[in-house]
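Letter 92 of the sequence shown, counting from 1, is numbered 423 in this note's numbering, and no numbers are missing.
Notes follow the structure.
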Amino acid sequence: MRHRNANRKLSRNTSHRRALLRNLVTDLLDHGRLMTTLPKAKEVRPLAEKMITLGKRDSLHSRRQLQAYLLREAVAKKVFDSIAPRFADRNGGYSRIIKLGNRKGDGADLAIIELLGSELEVKKAERAEKAKEKEAKKKSSKEEKEKEEE
């Protein structure tokens with residue numbers, strides 16, 4: 332019986348599982364979104380949200396706790412500087428999990444876990460790239476027309 336055993340073991344021993352989750356949480360907070368398997372995403376979510384909550388407290392103790400868990404100091408600084416203020420008015424629910432379907436090779440359930448608001452940054456970047464491409468095409472087509480007219 333699995334009474335009071337809440338977390339998934341992810342087919343790994345304790346030290347490997349802890350290292351995996353620390354890596355995933357660090358990367359999620361660094362990049363804003365992450366594509367992984369569904370069980371891993373479900374395990375990462377509460378840990379990442381605890382890290383953001385620590386960032387919202389912004390005390391010396393919470394800074395030390397955050398730096399002890401995350402693998403890169405730059406990510407810890409990013410949590411305090413940009414991520415925590417973004418969620419200052421929320422009492423939790425800082426991330427979402429989007430199911431993608433099955434992976435082709437082994438059939439594992441894939442999911443994207445992302446921080447709320449990070450999809451806006453990605454969409455803005457994509458729109459900016461598309462706008463630059465359109466402008467470049469327009470300029471090149473105008474130049475070609477001018478050359479043909481001459």
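Heads up, the beta-carbon is just placed ideally off N, CA and C, and yes, glycines get one too.
- Comparing C-alpha distances from Lys-371 to each of Asp-389, Ala-419, Leu-359 shows the shortest one belongs to Leu-359.
- In the DSSP assignment, Ala-419 falls outside any alpha helix (DSSP H), carrying neither H nor E.
- The stretch 366-382 and the stretch 434-447 touch, with three or more beta-carbon pairs separated by less than 8 angstroms.
- Glu-445 counts as buried, since at least 16 other C-beta atoms from the protein chains shown sit within 10 angstroms of its C-beta.
- Between Arg-353 and Leu-431, the C-beta gap is not smaller than 9 angstroms, which leaves the two residues out of contact.
- Sequence-distant Cβ neighbours of Glu-404 in its own chain, meaning closer than 8 angstroms and more than five residues away, are Gln-398.
- Lys-463 and Glu-480 have their alpha carbons spaced roughly 26 angstroms apart.
- Within the stretch 346-391, the complete alpha helix (DSSP H) segments of 4 residues or longer fall at 369-388, listed in chain order.
- Selection Ala-379, Glu-380, Val-410 evaluated against Arg-394 yields Val-410 as nearest (Cα-Cα).
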